[in-house]
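What follows is a single structure, written as C-alpha cells, with notes after it.
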Amino acid sequence: MMEQYIEIKASNPGVLLFYRMGDFYELFFEDAVEASRALGITLTKRGQHLGQDIPMCGVPVHAADDYLEKLIALGFRVAVCEQMEDPAEAKKRGSKSVVRRDVVRLVTPGTLTEEKLLSPADSNYLLALARVRGGDQDLGLAWIDISTGVFRVAESNATRVLADIFRIDPREVIVADTLMQDGELKPVFDILGRLVAPQPAVLFDSASAEGRLTRYFSVKTLEGFGNFSRAELAAASAAVAYVEKTQVSERPPLSLPERQATSSTLFIDAATRANLELVRTLSGQRDGSLLKAMDRTVTGGGARLLFERLMSPLTEPGPIAERQDALAWLLSDSFLNENLRSLLKRAPDMPRALSRLALDRAGPRDLAAIRQGLSVSAEVAGLLRGAVLPDELHRAFTDLECLPPALDHLLSSMLADELPLLKRDGGFLREGADDGLDEARALRDQSRRVIAGLQLQYAEETGVKSLKIKHNNVLGYFIEVTASNAGPLTEGEAKARFIHRQSMANAMRFTTTELADLESRIANAAGEALTIELAAFERMRLAVVAEAEAIKKAARALAVIDVASGLAVLAEEQGYCRPLVDDSRMFSIVAGRHPVVEQALRRQAESPFIANDCSLSPSSPGGHGAIWMLTGPNMGGKSTFLRQNALIAIMAQMGSFVPAGSAHIGVVDRLFSRVGASDDLARGRSTFMVEMVETAAILNQASDRSLVILDEIGRGTATFDGLSIAWATVEHLHEVNRCRALFATHFHELTALSEKLARLANVTMRVKEWQGEVVFLHEVGPGAADRSYGIQVARLAGLPPAVVARARDVLTMLEDADRKNPATQLIDDLPLFQASQRREPVASAAASAVEEALRGLDIDDMTPKQALDALYDLKKRLGKG
Numbered sequence: 001m002m003e004q005y006i007e008i009k010a011s012n013p014g015v016l017l018f019y020r021m022g023d024f025y026e027l028f029f030e031d032a033v034e035a036s037r038a039l040g041i042t043l044t045k046r047g048q049h050l051g052q053d054i055p056m057c058g059v060p061v062h063a064a065d066d067y068l069e070k071l072i073a074l075g076f077r078v079a080v081c082e083q084m085e086d087p088a089e090a091k092k093r094g095s096k097s098v099v100r101r102d103v104v105r106l107v108t109p110g111t112l113t114e115e116k117l118l119s120p121a122d123s124n125y126l127l128a129l130a131r132v133r134g135g136d137q138d139l140g141l142a143w144i145d146i147s148t149g150v151f152r153v154a155e156s157n158a159t160r161v162l163a164d165i166f167r168i169d170p171r172e173v174i175v176a177d178t179l180m181q182d183g184e185l186k187p188v189f190d191i192l193g194r195l196v197a198p199q200p201a202v203l204f205d206s207a208s209a210e211g212r213l214t215r216y217f218s219v220k221t222l223e224g225f226g227n228f229s230r231a232e233l234a235a236a237s238a239a240v241a242y243v244e245k246t247q248v249s250e251r252p253p254l255s256l257p258e259r260q261a262t263s264s265t266l267f268i269d270a271a272t273r274a275n276l277e278l279v280r281t282l283s284g285q286r287d288g289s290l291l292k293a294m295d296r297t298v299t300g301g302g303a304r305l306l307f308e309r310l311m312s313p314l315t316e317p318g319p320i321a322e323r324q325d326a327l328a329w330l331l332s333d334s335f336l337n338e339n340l341r342s343l344l345k346r347a348p349d350m351p352r353a354l355s356r357l358a359l360d361r362a363g364p365r366d367l368a369a370i371r372q373g374l375s376v377s378a379e380v381a382g383l384l385r386g387a388v389l390p391d392e393l394h395r396a397f398t399d400l401e402c403l404p405p406a407l408d409h410l411l412s413s414m415l416a417d418e419l420p421l422l423k424r425d426g427g428f429l430r431e432g433a434d435d436g437l438d439e440a441r442a443l444r445d446q447s448r449r450v451i452a453g454l455q456l457q458y459a460e461e462t463g464v465k466s467l468k469i470k471h472n473n474v475l476g477y478f479i480e481v482t483a484s485n486a487g488p489l490t491e492g493e494a495k496a497r498f499i500h501r502q503s504m505a506n507a508m509r510f511t512t513t514e515l516a517d518l519e520s521r522i523a524n525a526a527g528e529a530l531t532i533e534l535a536a537f538e539r540m541r542l543a544v545v546a547e548a549e550a551i552k553k554a555a556r557a558l559a560v561i562d563v564a565s566g567l568a569v570l571a572e573e574q575g576y577c578r579p580l581v582d583d584s585r586m587f588s589i590v591a592g593r594h595p596v597v598e599q600a601l602r603r604q605a606e607s608p609f610i611a612n613d614c615s616l617s618p619s620s621p622g623g624h625g626a627i628w629m630l631t632g633p634n635m636g637g638k639s640t641f642l643r644q645n646a647l648i649a650i651m652a653q654m655g656s657f658v659p660a661g662s663a664h665i666g667v668v669d670r671l672f673s674r675v676g677a678s679d680d681l682a683r684g685r686s687t688f689m690v691e692m693v694e695t696a697a698i699l700n701q702a703s704d705r706s707l708v709i710l711d712e713i714g715r716g717t718a719t720f721d722g723l724s725i726a727w728a729t730v731e732h733l734h735e736v737n738r739c740r741a742l743f744a745t746h747f748h749e750l751t752a753l754s755e756k757l758a759r760l761a762n763v764t765m766r767v768k769e770w771q772g773e774v775v776f777l778h779e780v781g782p783g784a785a786d787r788s789y790g791i792q793v794a795r796l797a798g799l800p801p802a803v804v805a806r807a808r809d810v811l812t813m814l815e816d817a818d819r820k821n822p823a824t825q826l827i828d829d830l831p832l833f834q835a836s837q838r839r840e841p842v843a844s845a846a847a848s849a850v851e852e853a854l855r856g857l858d859i860d861d862m863t864p865k866q867a868l869d870a871l872y873d874l875k876k877r878l879g880k881g
C-alpha cells in the first residue's frame, strides 16, 4: 500500500495527497506534517520507510469538505485519490492485493465546485496569464469560472496587467514557470503572492493553442468565436489545459470564450481600487465598501453580476443607457418590481448546480435546484410577457422563453419533494415515478415490519424482553441480548435454533436460519431499489447537461433582471437620479453625496449628509476639463468630497443611478485616485515612495478624458520639497494631461496658481469659528482657505493641553515669519510649466554676469566692508536689490 502511495504522490508533486482508505482520507510523510499543522489535527505514525517512522494524519470522508475549505483558504492545493474498486474485488486477486486507487481531481483555489467551498456572491475565477513576444499588447489573459462556465479572454500589457488582474479578482493565477523571473512582471507576481501557481511552459504554447481549444469545444475552427491574438490564444489554451489537468476525466460545461476589448471598460488601477474601497475596505471587509452599500440583489447570480459591473464600468454611452433604461422601467412600476423580487428570492444557483452535474459530483438537491430554477424562470417570463420591455430586459425575457418545458416536466415528475444530500442514500424518486422501484420499496418496507414482528416473536419465545434485532455492515442482521440474559438462547432446544455469532464484554449476538433468509430478501430489495434510483439519476443528469447552454442563458437572464431590480430599489430608497452619460468632456454633479457615508449616517440616525456640487466641465465647447484646487481644514470633509465624485462616475458608467440631484458625465476612460497614506515595507517602499510611485503612474497615463483625484500630494516629505512636487504636479495635469481633476492640499501657496492657470479654480471646505471653537460645515464653496485648523483637531483628538498650548505659540511665531517673507510671492517669479520646456535649468544672462564677477573677487585681500559692498552689488545685478 505504501508503494502505491509513493508512486501516486510522485506523479502529483507540490500538492497534498488525500489518499482514500475506507472512511478516511489519509496523508503521509511531509504532507501529514503540513496538514496536521494547518488543520490542527493529531499527527500519528504508521509503519516505517527507510528505517524512519512514517508520519500520518487523516480526515473523515464525510467531513472532507470542511477540511478542504481550510486548506484552500491557506493556499494549499489538494489531490484527491479515491479507491477505484471494491476491496472485495481486490481480494479476489490475492490476499495481499492492493485496492486500485487513482487521483480523480486536483482541488485548487480556482477550480472549486463544491457548494460549501464557494461564496454565493463571489465568482471563483482561474486566470491564465501568457506572454508572447512582439507587439504593443504582448500579454494575454484568460479567466474561467468552472462553477458557472464563464470563459473570457482579453489583451493586456505590462503597464496595466496588475489593474486588469485586480479588476477580474481571480482566486488563482497560473503562469508559465519560465515567466516567473521576467523583469517587467516580477513586481506583479510579488504583489499577487500565493495567488500565483507556476505551471510547465508547454501549457502556454501558442503553436498548439488552437488545436487544444478546438478539441475541447469539438469544433474544427475558432473563426466562429472571434479574432484572438496569439497571446490570448496561449492564455485561453493554458486555462483549458489546467482545467483538464485538475478535473482529470471530467469536463465542465464551459461557455465559448468571449473576448473583452480593453477599451470598452473604464481603466481603474490597483491603487485606485484600494483607495476608493469599491468592493472591500482597506482592512479587507465588505462592510463599508461601495459594493455593500449598493447591493440589493436577492440571488447569487445577481450578486456576482453586480460585482462584475462595479469592477468593470463601461466606456460606451449606448450600452450604459440600455442598463439605465432597464432600471428606469422597473423603477416606474414598483408593484411589478416587488413581484419580480419575490420570485427571484426563490431562484437557486442554477449555473453552479449545472457544473456539479456535468462533473458528476452532484446530488439529488442539485437536480432539484435545476427544477426550481426552471419553474422560477417560467414564472418570471410570465410576469414580463406582453409588456413593452427595454432592450436589456427584452433580451433577458427571450432567453427565459427558450427553456425546454420537457426538462421541467421530467424533473418535476421524477424527483420527490424531500431529498437526501447524497444520491447513494436513495429515496429521491417520488412514488409512482417507476413501477419496478415501487415494487422493490414495498418489499423492503414490508420486510422492515416483518423484522419488528420477528423481534417480538423471539422475545416472547425466549422470555427475554430486552432482546433486539440489529444490523451493521459486518454481521448484517443479528439478535443481541445482554450477557446475563443469554441463557435462554444457549440452553436446550433453543441452542440449535439460535446460532451464536459473536461474544462481547457485556452482550452476545445470535442469528437464525429464518433471519438469514429474511436478510437476503431485504438486501436484494434495497439493492434493487437503489440501482433503479441511480439509473434514473443518471438519465436526469444527462438530460440536464444536454440543455446546458439554455440553462446558463436563463440563469444569466435572471441575474440581469435581479441587478436591474436591485438598483431600482436602491435608487428609490436612497433618492438617486439618472445621470446623463455621453461622449463629451462634461463633469457636472449637482448636490452630490457619498453613497457609503450617507447610508452610514442614516443608520446611525445622525445629521443628514451635506450635499455638494462639483463642476469640472470645460469652460468652452470642445475645451478641456477643469481642475479644482480644494483647500480647507482637517476633518472638514475634503477626502469624502474627493471620493464621492469618483464613486459617482463609477456608478454612472456601470449603469446605475447616482446619489445626486442631477449629473452630466462625459465618459471617463481612466480613473485615478491617490487618497490616503500607506507604505509597502515588504518591497522597501516608504509611505512617501508609494505616494510618488502612484503619482508617477497618474501623470504618465492620464489622458484628456481621464478623471484624477489627488489628496495631499507632497505631504510625506520636507515642506519645500513637498510644495515643489505638488506645484509641478498641478501644472503637469493642467498643461500636459489636460484632464478633469480634483486636487486637495494643505499647501495654501498653491492657490495662487489660479491666477496663471486658466482652467484651475480654487474651492474650499467652509468652516465657522464660534466662541473659540471651529465648526465644520462640510460645504464646498469658491475661494481658498488660509489655514488648516490642525491644532483644533489635535485638541479634539485628546492631545495634552500643554502640547496644544505650545503648538499655538510655535504656530504664531511661524506665521509671523511667513508674513515678513511670504512664500506666495514665488508665483510671480516662477515661469509657467511648458510641456516642451527643457527639464534642465537654463542659466540666465544675469546669472552668467554674476558668476563672472564672483570669479573676479579676491576675497583674501578684501576688508569686511568691501566684501559687504560686493555682496550688495551682486544682489543688485540679479535684480534682488
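Read in the numbering used here, the sequence shown has 847 at position 847, and its numbers run on one by one without any break. Backbone N, C-alpha and C define an ideal beta-carbon position, used for all residues, glycine too.
Answer yes if the region 660-672 comes into contact with the region 583-592, meaning at least three C-beta pairs across the two stretches below 8 Å, and no otherwise.
Segments in contact, yes.
Roughly how many angstroms separate the alpha carbons of GLY193 and LEU185, rounded to a whole number?
Approximately 12 Å between the Cα atoms of the pair.
Supposed close pair SER312, ARG171 - CB separation, criterion 8 Å
No, SER312 and ARG171 are not in contact; Cβ-Cβ is about 17 Å, not under 8 Å.
Roughly how many angstroms separate the alpha carbons of ALA557 and PHE335, rounded to a whole number?
Taking the straight line joining both Cα atoms gives about 20 Å.
Since GLY666 sits in a beta bridge, which residues does DSSP pair it with?
Note: GLY666 sits in a beta bridge opposite ASP582.
Is the distance from the Cβ of ALA231 to the Cβ of LEU139 below 8 Å?
Inclusion of ALA231 and LEU139 in the CB contact set at 8 Å is warranted, their separation being smaller than that value.
Residues that CYS577 bridges to, as DSSP identifies them:
As computed with DSSP, CYS577 is found in a beta bridge with VAL658.
Excluding the five sequence neighbours on either side, which residues of its own chain have a C-beta within less than 7 Å of the C-beta of VAL80, listed in chain order?
Counting only Cβ-Cβ distances below 7 Å, and skipping sequence neighbours, we find PHE18, VAL103, VAL104, ARG105 and VAL107.
Opposing strand residues paired with TRP628 [DSSP bridges]
Looking at the DSSP assignment, TRP628 forms a beta bridge with LEU742 and ALA761.
Can you name the start and end residues of the alpha helix (DSSP H) that ASP613 belongs to?
Going by DSSP, ASP613 is part of no alpha helix (DSSP H) but of the beta strand (DSSP E) stretching over 612-615.
In terms of residue numbering, what span does the beta strand (DSSP E) encompassing TYR477 cover?
Where TYR477 is concerned, the enclosing beta strand (DSSP E) stretches over 476-482.
Secondary structure of ILE709, DSSP reduced to three states:
Assigned with DSSP and collapsed to three states, ILE709 falls in strand.
Neighbourhood of LEU874 by C-beta distance below 7 Å, restricted to the same chain and skipping five residues each side
Excluding residues within five positions, the ones whose Cβ falls inside 7 Å are VAL850, ALA853 and LEU854.
Pair within 8 Å by beta-carbon distance, VAL153 and PRO257
Using a Cβ distance threshold of 8 Å, VAL153 and PRO257 count as a contacting pair.
Of the residues PRO595, SER619 and LYS345, the one placed nearest ARG585, counting alpha carbons only
Closest by alpha carbon: SER619.
So the candidates are GLU89, LEU27 and VAL560; which of them puts its Cα closest to the Cα of PHE397?
For PHE397, the nearest C-alpha among the options comes from VAL560.
Run through DSSP, which three-state label would ILE469 get?
Three-state result, ILE469: strand.
So what does GLY592 bridge to, in DSSP terms?
According to DSSP, which records beta bridges pairwise, GLY592 is partnered with ASN612.
Which two residues bound the contiguous beta strand (DSSP E) that contains THR511?
First-last of the beta strand (DSSP E) with THR511: 507-511.
What are the partner residues of MET21, as DSSP defines its beta bridges?
PHE24.
Anticipated Cβ contact below 8 Å, LEU359 with THR113, distance rounded:
Indeed they touch by this definition, with Cβ atoms about 6 Å apart.
Cβ neighbour criterion (16 or more within 10 Å) applied to PHE720:
Counting of Cβ neighbours within 10 angstroms places PHE720 among the exposed residues, the total staying below 16.
Rounded C-alpha distance that separates ALA326 from ASN339
In a straight line, the C-alpha of ALA326 is about 16 Å away from that of ASN339.
Shortest alpha-carbon distance to ALA238 belongs to which of GLY637, TRP143 and GLN599?
Comparing C-alpha distances from ALA238 to each of GLY637, TRP143 and GLN599 shows the shortest one belongs to TRP143.
Near ASN612, what residues of its chain come up, given a Cβ to Cβ distance below 7 Å and the 5 sequence neighbours on each side ignored?
Correct list, in chain order: GLY592, PHE641, GLU779 and VAL780.
Beta-carbon separation (whole angstroms), SER565 vs ASN337, contact threshold 8 Å
So it is a contact: roughly 6 Å between Cβ atoms.
Inter-residue spacing [alpha-carbon to alpha-carbon] between MET862 and ARG877:
Distance between the alpha carbons of MET862 and ARG877 is about 20 Å.
Measure the CB-CB distance between ALA234 and ALA73 and report whether it falls below 8 Å.
Not closer than 8 Å, so no.
How would you label HIS471, buried or exposed, when you count the other beta carbons within 10 angstroms and need 16 or more for buried?
Per the 10 Å Cβ criterion, exposed.
Could you give the distance in angstroms between the alpha-carbon of ASP583 and the alpha-carbon of PRO317?
Spanning the two alpha carbons is a distance of roughly 7 Å.
Report yes if the CB atom of LEU374 is closer than 8 Å to the CB atom of LEU403, and no otherwise.
In this structure, LEU403 lies closer than 8 Å to LEU374 by Cβ.
For PHE510 and GLN502, the rounded distance between their alpha carbons:
Going by the C-alpha atoms only, they are around 7 Å apart.
Would you call PRO13 buried or exposed, if buried means 16 or more other Cβ atoms sit within 10 Å of its Cβ?
Looking at its Cβ environment, which holds fewer than 16 other Cβ atoms inside 10 Å, PRO13 is exposed.
Decide if SER218 is buried, meaning its Cβ has at least 16 other Cβ atoms within 10 Å, or exposed.
The residue is exposed, with fewer than 16 neighbouring Cβ atoms inside 10 Å.
Please state whether DSSP places MET56 in a helix, a strand or coil.
MET56: strand per DSSP, three-state reduction.
Confirm, please, whether the CB-CB distance from ALA440 to GLU519 is below 8 Å.
Result no, Cβ atoms of GLU519 and ALA440 do not sit closer than 8 Å.
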